Every structure is written in structure tokens, then in C-alpha cells.
Amino acid sequence: MTEPTNRKQAEGGPLQDDDAPFYTIGQVSALLGIPPAALRRLDDQDIVSPERSDGGQRRYSRLEVEQLREVLDLTDEGVTLAGVRKVLALRRRVESLEDELAGLRGRDEQQTSSA
DNA sequence: ATTCTCACA
DNA sequence: TGTGAGAA
1 MTEPTNRKQA EGGPLQDDDA PFYTIGQVSA LLGIPPAALR RLDDQDIVSP ERSDGGQRRY
61 SRLEVEQLRE VLDLTDEGVT LAGVRKVLAL RRRVESLEDE LAGLRGRDEQ QTSSA
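Note that the first sequence covers residues 1 to 115 in UniProt numbering.
As C-alpha cells, then:
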């Protein structure tokens with residue numbers, strides 16, 4: 001294996017490895033090449049809001065860093081923060097609809113196979 | 001040394 | 001969006 005396969009399989013919630021490692025705002029800003037102030041803006045605008053630890057400092061997870069990359073792609077293309085928020089809302093909407101569809105599909109398979 | 005909030009241009 | 005003051 002060339003990659004650290006430490007991925008959990010069946011976890012009972014949003015408590016995965018991608019949510020565990022927390023980066024400081026400084027690390028993330030260096031990693032993404034954007035000023036800390038920009039990260040704080042994103043948090044204030046409810047686009048990517050990291051958890052806070054002890055003294056109220058932002059702690060970014062891997063997942064949030066990835067979300068940040070997506071946001072940067074959009075803003076680089078000229079999408080405003082308000083627009084990004086809408087894109088994110090639509091993205092969540094699609095996910096929930098996909099889940100709902102998966103559920104309906106499962107129910108339908110029961111009927112179809114017993115018909 | 002870092003990060004936080006708030007304010008200003 | 002970037003910068004700086006002042007506190008933690």
C-alpha cells in the first residue's frame with residue numbers, strides 16, 4: 001500500500017479522521033496562500049466555519065481545508081461570497097435529495113423484486 | 001510568537 | 001480586501 005489506509009468504514013456520525021486534525025489559521029493560510037483575514041471573513045460569512053479550541057482560536061479540519069479549496073476555486077472565477085454561500089446551499093440540497101432518492105430506490109427495489 | 005476582534009481606508 | 005491597534 002502506498003497510502004496510509006487509516007479510513008474508518010462504518011462510523012456512527014460526522015466524527016471521521018477528516019474532522020479530527022485541526023490546523024491553525026496560520027497553517028491554513030500558508031497552505032492555501034491566502035491571508036488569515038480572508039479565512040476569518042469566510043468564517044464570518046458562514047461559508048467555512050471551523051471549530052474553536054481552548055482560547056477561542058480557529059481549528060480547521062482536513063475537510064474544511066478541502067471546502068476552502070472549493071471556495072477559492074469559485075471566488076477565483078469571480079463568484080462573490082454571497083454567491084458561494086448559495087452554491088454551498090444548493091450543494092447541500094442536492095446531497096439531501098440524493099439521499100432521499102437512494103431511500104426511494106431501495107424501497108422500490110423491494111416492490112419490484114417481489115412483484 | 002500567534003491569533004482574536006474591531007475598526008478604518 | 002488588506003492593515004493595524006490592543007488584548008489574550
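Even glycine gets a Cβ: it sits at the ideal position worked out from N, Cα and C. Bear in mind that the values here come from a model prediction, so they are computed numbers and not experimental data.
Do you know whose CA, among the options, lies nearest residue i's CA?
i   : options              : result
E51 : E77, L97, F22, V28   : F22
Q16 : L63, V71, A102, R107 : L63
V65 : L101, I25, V87       : I25
D19 : S49, L97, G83, T80   : S49
Mapping DSSP to helix, strand and coil, what is residue i?
i    : result
R16  : It should be noted that the sequence gives Gln, not Arg, for residue 16. Correct three-state label for Q16: coil.
R110 : A small fix is needed here, since residue 110 is Gln in this sequence, not Arg. Q110: helix per DSSP, three-state reduction.
S61  : coil
Q67  : helix
E11  : coil
P35  : coil
Since residue i is in the alpha helix (DSSP H), which residue starts that stretch and which ends it?
i   : result
S29 : 25–32
P50 : Here P50 belongs to no alpha helix (DSSP H), and DSSP marks it neither H nor E.
Are the CB atoms of residue j and residue i within a distance shorter than 8 Å?
i           : j    : result
L39         : S29  : yes
L72         : L32  : yes
residue 141 : L88  : In the structure displayed, the chain extends from 1 to 115; residue 141 sits before or after that span and is not available.
L68         : V84  : no
R58         : D43  : yes
Q45         : L104 : no
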